[in-house]
Amino acid sequence: MESLIGLINRIQRACTVLGDYGGNNALPTLWESLPSVVVVGGQSSGKSSVLESIVGRDFLPRGSGIVTRRPLVLQLHRTEDGPDYAEFLHLPKKKFTDFALVRKEIQDETDRITGRSKQISPVPIHLSIYSRNVVNLTMIDLPGLTKIAVDGQPESIVGDIENMVRSYVEKENTIILAISPANQDIATSDAMKLARENIALGDRTFGVLTKLDLMDKGTNAIDVLEGHSYRLQRPWIGVVNRSQADINKSVDMIVARRREREYFSSSPDYRHLASRMGSEYLGRVLSKHLEAVIKARIPSIQSLINKTITELEAELDRLGRPIASDAGGQLYTVLELCRAFDHVFKAYLDGGRPGGDRIYNVFDHQLPAAVKKLPFDRHLSIQNVRKVIAEADGYQPHLIAPEQAYRRLIEGSLGYLRGPAEAAVDAVHFILKELVRKAINETQELKRFPTFQAELSAAAVEALERFREDSRKFCQSLVDMEAGYLTVEYFRKLPQEVEKGHPNNTTADRYGEAHLRRIGSNVLQYVHMVCEMLKNAVPKAVVHCQVREAKRSLLHNFYAQIGKREGKQLAQMLDEDPGLMERRSACGKRLDLYKSARDEIDAVVWDK
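Per the working numbering, residue 717 is the first one in the sequence shown, and the count goes up by one each step.
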């Protein structure tokens, strides 16, 4: 079972190395699910002395005010033989056998993060101590609770410390070691205040009474230790630490432990409780309880780890792989991104996504509606027909039929068709631009690269502009072709029909309203015939010049430009969003942590 505490120790160290020490909602945290013993107490409660008594070494910084300004994760490892030594996680290859240097390193490492100010930091220090005189145990020493800020401390320090302590004690996997001085009213104890606020904390709180030897003569703490005045579900344990005079005289911990045992065994007040009092007993109880909690929590921790690994792997898939450093790899990435975009864009046009139907709507509704609104009636009114005939005849009136007038009326009418044709070209161009924008936004792979995304968008729009210009010229040519060469067969019948139907018409009658109306009607019928042809031809031209080319060669010019770029230019184009890069790096580290924890747990569980 001892290996379970060692297992949690290894996972805790891995958490710190990879930046997981709780309190960060941006990433899943493993730290908060790990069982641990958290030491809580006021600044004058004797917290440091309790820890040193359990360890049997004098190693913690001392002084007035806030001495502990970062959480200290203290991992105790029982050894069979050899000298005592300590190791810090941030100095993995250095063994400390002089515990005065351990004290100095704790202070220096604290200052490295917080400076020499009185600020606190949630980043923990990891200290492992190996000794024959300890039990396997992990404890986290937190800054001492305080009621007022002293010189050099920010006004928020009281709340900052309390919030840090709460973030630890409120975790359901935390065992709370609540330190209270016996020579003060237990009702005012900072540690007990937290326990009182949340009844649920009582089943995982161990109460520790310090300074029993400093109580006023004639008083004792029996009511507290026996659970009469303040009941906890876990037993109260009393300890007697070294006095300040003992510390000043460098009384070692072996002597201090012997004196503590003698105090309880010889005290009339506490003699009957001596077997379950003292720092050595406290260490054994905590070690045994921590082992039991770890064993009970292992299945839920395994479940959490497996679930989180799946979630992190899925997120990393969405975020994409890191970019290659060589030009070949970068070019491959660019082409893959283009293919991903092209796939989404074509899905819009081919019916996999809404988009192609909007283009069809232009041909089926907008174009016919625009043609229908053309002012043919005004252009072919009797007044305008008379005017055009007169202008076409000049000083020599036509002999049989006003052919030049017919041509001018037809050309003028067909000229109106340029507007609807160009409007159809522009409408499809607008739809294609919108589909490019949507395809870029919906191509997940592009979200990583805002610079490349902008270049791709510009290249696609530039290509669409070329396609629009080609389509516009094509459609204008279609109209010009119809106006430039008329279908003669249609008109060859007109003079014969006129003569057959009206054999007695005089030359003067041919300038009458009936004759002019008939000319306008003939022209309108011909124009309607051409309109029907163009309503079929314009969509074909637009699809050929714009839609088909967009599907076939939207990025051809872009590919040619990319092929000429050097590695540095490709790297600049693939400059990722810094926030996304940070997220991928953080997720990768957190995934490594969870996989490492999974392997560690599996090794221990299968070894049982």
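By construction, the Cβ of each residue, glycine as well, lies at the ideal position given by its N, Cα and C atoms.
- Unbroken alpha helix (DSSP H) runs of no fewer than 4 residues, entirely contained in the segment 990–1072, are found at 995–1035 and 1043–1066, following chain order.
- Excluding five sequence positions before and after A1143, the CB atoms of its chain that fall closer than 8 Å to its own CB belong to V1078 and Q1082, given in chain order.
- A check of alpha carbon separations from Y979 across Q949, K927 and L1028 identifies K927 as the nearest.
- In this structure the segment 1009–1025 does not lie against the segment 1242–1257, because fewer than three pairs of beta carbons, one per stretch, are closer than 8 Å.
- Closest by C-alpha distance to S847, out of D797, G1200, V885 and K834, is D797.
- Contact between E1007 and K887 does not hold, since the beta-carbon distance rounds to 18 Å and is not under 8 Å.
- Cβ neighbours of M1197 within its own chain (closer than 6 Å, five residues either side excluded): none.
- By the Cβ test, the segment 1156–1166 is in contact with the segment 1055–1069, since at least three Cβ pairs between them sit closer than 8 Å.
- Apart from the 5 residues on each side of it in sequence, Y1132 sits with its Cβ closer than 6 Å to the Cβ of L1090 in its chain, given in chain order.
- Membership of Q1262 in any beta strand (DSSP E) is not indicated, and neither H nor E is assigned to it by DSSP.
- At the C-beta level, E825 and I841 come within 7 Å of one another.
- Between D736 and L1180 the beta-carbon gap is near 48 Å, outside 8 Å, which marks them as no contact.
- For the pair of segments examined, the segment 864–879 was found not to touch the segment 888–901: the number of CB pairs separated by less than 8 Å stays below three.
- V1195 places its beta carbon less than 7 Å from that of L1130.
- Burial check for D774: the Cβ neighbour count within 10 Å reaches 16 or more, so the residue is buried.
- Only exposed fits N964, as fewer than 16 other CB atoms lie within 10 angstroms of its CB.
- Taking a contact as a CB-CB distance under 8 Å, the pair K811 and E803 counts as one, their CB atoms being some 6 Å apart.
- Residue burial is scored here from C-beta neighbours: L1065 has at least 16 other C-beta atoms within 10 angstroms and is therefore classed as buried.
- Out of P777, M855 and Q791, the CA that lies nearest to the CA of D827 is found in P777.
- When beta bridges are read from the DSSP output, Y801 appears opposite Y846.
- When C-alpha distances from S1003 are compared across I891, P787, E1282 and D932, the shortest belongs to I891.
- If you ignore the 5 residues before and after K1267, its C-beta comes within less than 7 Å of the C-beta of K1062 and L1065, all in its own chain and listed in chain order.
- In this structure the segment 854–862 touches the segment 779–796; the number of beta carbon pairs closer than 8 Å is three or more.
- Where K1088 is concerned, there is no enclosing beta strand (DSSP E), although the alpha helix (DSSP H) around it starts and stops at L1083 to K1088.
- Rounded to the nearest whole angstrom, the C-alpha separation of S1237 and G1135 is 23 Å.
- Distance from the CA of H988 to the CA of V850, rounded to the nearest whole angstrom, comes to 25 Å.
- Rounded to whole angstroms, the gap between the alpha carbons of P951 and L925 is 11 Å.
- Boundaries of the alpha helix (DSSP H) harbouring T826: F815 to T830, taken from the DSSP string.
- Remark: C-beta atoms of R1306 and L750 do not approach each other more closely than 7 Å.
- In this structure, T921 and L948 form a Cβ contact; the two beta carbons are roughly 6 Å apart against a cut-off of 8 Å.
- Look at L750 here: in three-state DSSP terms it is coil, with no helix or strand label.
- DSSP, reduced to helix, strand and coil, places Q949 outside both helices and strands of the structure shown, so it counts as coil.
- According to the DSSP assignment, H1272 belongs to the alpha helix (DSSP H) that extends over H1272 to G1279.
- Within a 10 Å sphere around the beta-carbon of A1085 sit fewer than 16 other beta-carbons, which makes this residue exposed.
- Annotated three-state conformation of R794 is strand, per DSSP.
- Within the same chain, F1183 come within 7 Å of E1265 by CB-CB distance, once the 5 residues on both sides are set aside.
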